[in-house]
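Enquirer:
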Amino acid sequence: MYSTSQFAETKLVRAELQRVPTSQVHAKEMGTTLTVCGEYTTSWFKFWDLPFANILEDRCPKCVAALETRARLKKEL
Ligand SMILES: [Zn+2]
424 MYSTSQFAET KLVRAELQRV PTSQVHAKEM GTTLTVCGEY TTSWFKFWDL PFANILEDRC
484 PKCVAALETR ARLKKEL
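Counting along the sequence shown from 1, when you hit position 25 you're at 448 in the working numbering, and nothing is skipped either side.
Following this line, the structure appears as structure tokens:
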């Protein structure tokens, strides 16, 4: 599960240029065009090396809820 957002900017982080999300961050799986909460991400920024679990601020609450449901279901199986 990685991160995606509609807007992003390039910032200098620890002496390296990195793209960081500047709008609400959604969770997305590889090989799909939708976020976990069902938004189209065709023109969105994809953060392939940024796991959704590492996002601390401004996470999409619908994505978080969907992932929590999935995690719970997995435990029950
Ligand atoms: Zn979402």
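Idealized CB from N, CA, C, for every residue including glycine.
1) If you run the structure through DSSP and keep just helix, strand and coil, what is VAL459?
2) What is the rounded straight-line gap between the Cα of MET453 and the Cα of LYS469?
3) Measuring from each Cβ to the nearest heavy atom of ligand 1, keep the ones under 5 Å and list them in chain order.
4) In terms of residue numbering, what span does the alpha helix (DSSP H) encompassing LEU490 cover?
5) Would you report the Cα separation of GLU491 and ALA431, rounded to the nearest angstrom?
Expert: Reading off the structure:
1) Coil.
2) Straight-line Cα distance between these residues: approximately 10 Å.
3) Here the list is HIS449, THR458, CYS460, CYS483, LYS485, CYS486.
4) 484–499
5) Whole-angstrom Cα-Cα distance: 26 Å.
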